[in-house]
Amino acid sequence: MALLSKVHPIRSHSGAAQGGINAALGKNDSWEAHAFDTVKGSDYLADQDSVDILCKEAPGRIADLDRFGTLFSRTPEGDIAQRPFGGAGFPRTCYAADRTGHHLLHTMYQQCLRNGLRVLEEWFVLKLVVSEKAMLGLVAYHIPTGEVVPFKSRVVILATGGYGRIYSKSTNAIINTGDGAALAVDAGAQLMDMEFVQFHPTTLRGTNILISEAARGEGGYLKNKHGERFMSRYAKDAMELAPRDIVARSIQTEIDQGRGFDNDYIQLDLTHLGRDRIKSRLPGIRQISMDFAGVDPIAEPIPIQPGQHYSMGGIEVDNQCKAAVDGLLSAGESACVSVHGANRLGGNSLLETLVFGKVAGETARAHPHTGIHDEKRLETTAKIESERIEDIKGGSKQEPMAALRTEMKDTMTACFGVFRQGDRMAAGLTTIRDIRKRYMHSRVGDHGKEFNQAIVNHKELGNMLTAAEAVAMEALAREESRGSHSRMDFPNRDDSKFLRHSIVSMFGDTLRLSYKPVRLGRYPVKERVY
Amino acid sequence: MRLKIWRSEKDGKNGRYDVFEISPKPGMTVLEALFEIQDAEDDSLGFRFACRGAICGSCAMMINREMRLACRTQVAGLDESKSLGLKMFPALQRPPSLAPTGEILVEPLPNLPILKDLIVDMTRFYETYRRIRPWIEPEASRSEFSKMSQEDCAKVEKYGNCILCAACFGSCPVCERDLQYVGPHALAWAYRFIEDPRVGDEDTRMEIVSEDNGAPACDFVYNCVKVCPKDVSPAGAIRRLRDMIEKTKGHAGRPRSQ
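Structure representation (structure tokens):
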């Protein structure tokens, strides 16, 4: 057993999660209430039996973290503190100041060290190798040496995060390039609900670094250039704590209708919270605002704008984290169970990684020994991949790889952003396919073996283009508005046609679209009002 | 504006400085400048990165002879910005001397072997971290949630904020001359666990940090405190560990009087 990662594990993007992790711990709260909020937040596209697992298991996973020593913020009585979060009927978001992801990631890594888990750092997976009957293993590129090596494995769990970097304005780490989605679909698995891309309402203007929902959970206001708390127009009860899709659209509407600053941003005002509360509850936000925008939120409002934040879609898996290929599992943001449906609630993503991370581990352990080996096939695949890498090195320094990447990101942001429209998306899809054609001929200038970042960039761009095409195909075909997918030409939800999951699979080298029913349950499908 | 960047193969072989012209935009960071160079001029330039938001700890390097996260350091005004006032040690005094105005000197972190350009081999850094046993032994049988006072949490939280970027390790004269020293990062983490009232095996960890290459090896020049991008203050933790060690020694060494 080994953990293989393209970066050292503690560099992973989970560390950037700020606000918290949900669990119904309160006396008057219940996992059913958590499940209801999650299903409603998903605009009824989440599979309700999967959501039940997420919410039922939540307190147990928080207890695990507590035993592992996570430094959760505490109440005056010494219990784990919980704060209100968007779309939740109860303050059920546990947190470690506004650095929850950092503390969770380090806790989990420390437990890996304690258990002596073998970690292979700076390996980039090039290809999953599967036979018709079983997972055979994978081929990976060792970034420090440039070696291409086959790994035999009967189970592979992809926990590779999202595909946020297909957009130009994103809170995501630069490494979030949809590698898992591309590897899985290439191996015969399906991608589900890729069109559901969460735009976080509050990202720092310019750099789009995340400004946590916790800032609003702690009482922050959103204001336009007239100083209005404009959320009263869009969600009069929930106000700033409406779910993310609604707040992001409200902000974008204010900007589009000329009530933003410089037609580009609005303000997140924390000044009324006072120095002490900001310093104790939101120290990370304050540091980010000062470092990257030159603004101290104690004294001034923070300039913010919506930005891509989370990939609701991903590799289609069942409640045991199994994908459509035997021996292939996925958990976390790379997977789509689906527990988030058309819109994820804040505080549910860290939770998903822990709940379904554990499930994936158990499924992997229980996976039968098939006795099927094919070392020769692994070796052959490694040889082919190695030749491909040498082939990519055939260019000069002036090849337009970076320009292709920029074009893809700008296309996705312009055509598949907060608001979408059929004609623009159709044009966007054509552009993405055209970029892919040109990409096939692009080469890198660096011919070296050690730490050839250009090769990694090249491979990542290929993966991103696969994810981008899947997003574009599914978004164009979904002629309704649901959760984060908001169409100007189809402004209403259409349950008769689209209360179903979009699926993309690979046939030959083409992606094809199909659909799959949603598993409904105890919560009847209703109009979603906050 | 120019970036003067260290280029080399493994262990500094064929080392040289390459100079690149950049056109700074408002708010542009050193990391963004490196990306611009990689995209437009030389895609063989090697450096580590991930989050670009000062949380993942990948991009610590030496910028104008001070250890900083490239993603958090803006190129504008860098040559006029206030010096951190680091205590000098040989790695900081090598030629070339600091760049003239309008030029930023970008080099790999000292005290760790170079792998390529700005990328260093972090093995020693991670191994010393592991040496202090940076984890909690979960009591498998406990079903109740723990209690921890806000004060106890606040005492250790600061040290738990460490992102393992190795800026402190690169700034430390002891790390340069003593290859066995566990280093400021490991001692900060050790203190975080030792002071946590929920941890049961602090004796083992105290033994590790009390060894000659542990807390006693620190020079207290406070470079680690000055360069830490997360205000962790490793030297503060080391000072407290030293006090604890003195106290234990005091008890052990004092003859028992009835």
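Note that the protein sequences, when read in sequence, are chains A and B. With this note's numbering applied, the first sequence corresponds to residues 1154 to 1683, in that order. With this note's numbering applied, the second sequence corresponds to residues 855 to 1112, in that order. Just so it is clear, CB atoms sit at the ideal spot from N, CA and C, and this is done for glycine as well.
Residues of chain A whose Cβ lies closer than 9 Å to the Cβ of A908/B are, in chain order, I1362, Q1440, I1441, D1444 and F1445. In the three-state DSSP reduction, Y1248/A falls in the coil class, being neither helix nor strand. The stretch 1469-1479 of chain A makes no contact with the stretch 1629-1648 of chain A; the number of CB pairs closer than 8 Å stays below 3.
The secondary-structure analysis by DSSP pairs S1667/A across a beta bridge with I1656/A. In the three-state reduction of the DSSP assignment, H1353/A falls in the strand class. Bounds of the alpha helix (DSSP H) holding D1398/A are R1397 to D1409. N965/B is outside the set of residues whose beta carbon lies under 8 Å from a beta carbon in chain A. Taking each of R1267/A, A1177/A, E1274/A and V1309/A in turn and checking the Cα distance to M1154/A, the smallest one comes out for V1309/A. Boundaries cannot be given for L932/B, as no beta strand (DSSP E) includes it and DSSP labels it neither H nor E.
Residues of chain A whose Cβ lies closer than 9 Å to the Cβ of R984/B are, in chain order, L1266.
In terms of beta-carbon proximity, I1328/A lines the interface with chain B, with at least one pair separated by less than 8 Å.
Cβ contact annotation for V1508/A (same chain, cutoff 6 Å, sequence separation greater than five): L1207, E1210 and R1214, in chain order.
M1561/A is positioned such that its CB atom lies no closer than 8 Å to that of I1542/A. Between I1364/A and I1457/A, the CB-CB gap stays under 8 Å. Within the same chain, and ignoring the five residues on either side of L938/B in sequence, the residues whose Cβ sits closer than 7 Å to its Cβ are E920, K1080 and V1081. Taking a C-beta distance under 8 Å as the contact criterion, N1496/A and S1203/A do not qualify as a contact pair. Per DSSP, reduced to three states, the secondary structure at D1097/B is helical.
With a cutoff of 8 Å on beta-carbon distance, N1067/B and L940/B are scored as not near each other. Between the alpha carbons of S1491/A and V1470/A lies a distance of about 8 Å.
Under the 8 Å Cβ criterion, the stretch 1004-1024 of chain B counts as touching the stretch 950-964 of chain B, having at least three qualifying pairs.
Burial of F1445/A is indicated by the presence of at least 16 other C-beta atoms within 10 angstroms of its C-beta. Secondary structure remark: continuous beta strand (DSSP E) runs of at least 3 residues inside the stretch 1450-1478 of chain A, in chain order: 1455-1464 and 1467-1469.
For D893/B, the C-beta contacts it makes with chain A under 7 Å involve A1555, in order along the chain. Rounded to the nearest whole angstrom, the CA to CA distance from G1466/A to G1601/A is 36 Å.
DSSP lists Q928/B as the bridge partner or partners of T883/B. By the criterion of at least three beta-carbon pairs nearer than 8 Å, the stretch 1157-1169 of chain A is not in contact with the stretch 1233-1243 of chain A. Per DSSP, reduced to three states, the secondary structure at L938/B is coil, with no helix or strand assignment. Put simply, the stretch 1387-1404 of chain A does not touch the stretch 927-935 of chain B. Fewer than three CB pairs are less than 8 Å apart. Note that the stretch 1344-1362 of chain A touches the stretch 1649-1661 of chain A; at least 3 beta-carbon pairs, one per stretch, sit closer than 8 Å. If you draw a straight line from the Cα of V1448/A to the Cα of Q1235/A, it comes to about 27 Å.
For Q1606/A, at least one C-beta of chain B is nearer than 8 Å to its own C-beta. Sequence-ordered contacts of the stretch 1414-1429 of chain A with chain B are nonexistent [C-beta pairs closer than 7 Å].
Selection P1354/A, F1277/A and P1303/A evaluated against L1157/A yields F1277/A as nearest (Cα-Cα). Legend: CB atoms of the stretch 905-931 of chain B lying less than 8 Å from CB atoms of chain A belong to residues C905, R906, G907, A908, I909, C910, G911, S912 and R926. Residue-level contact by beta carbon holds for I990/B and chain A, with a gap shorter than 8 Å. At least 8 Å separates the beta-carbon of S1442/A from that of G1315/A.
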